[in-house]
Amino acid sequence: MTSEIARVVRQTRPHKDVVRRGSDVKPKVLKKGNTTIKIYSHLAHMTKEEQKKWFESEWEKGNPTLKNIVNAVKRCLDEEGK
Numbered sequence: 001m002t003s004e005i006a007r008v009v010r011q012t013r014p015h016k017d018v019v020r021r022g023s024d025v026k027p028k029v030l031k032k033g034n035t036t037i038k039i040y041s042h043l044a045h046m047t048k049e050e051q052k053k054w055f056e057s058e059w060e061k062g063n064p065t066l067k068n069i070v071n072a073v074k075r076c077l078d079e080e081g082k
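Numbering (full-length UniProt numbering), first residue to last: 1 to 82.
What follows is the structure, given as structure tokens:
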């Protein structure tokens, strides 16, 4: 199966599941069908209200990573709407 995937998706390097050193975040684990998703983020453990406050605070600070993510989502939605 790996060779079938390699033909469809060119793999430049193998994926490594690495958590940053010093990270004390416990993963939030989700299951979708036969796929396990692990999210290593404090955001995953926040309530919707806490997430909203964090987002607004980081947006006001000009967090470049957050702005890049928002721009990427906007581009995807714009393409979807065409």
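Idealized CB from N, CA, C, for every residue including glycine.
Need the endpoints of the beta strand (DSSP E) that residue i sits in, please.
i	result
residue 36	35 to 39
residue 30	28 to 32
Along the chain, where does the alpha helix (DSSP H) containing residue i start, and where does it finish?
i	result
residue 67	64 to 80
residue 52	48 to 61
From residue i to residue j, what distance separates their C-alpha atoms?
i	j	result
residue 52	residue 35	28 Å
residue 40	residue 81	31 Å
residue 37	residue 44	12 Å
residue 55	residue 42	12 Å
residue 78	residue 49	27 Å
residue 69	residue 59	11 Å
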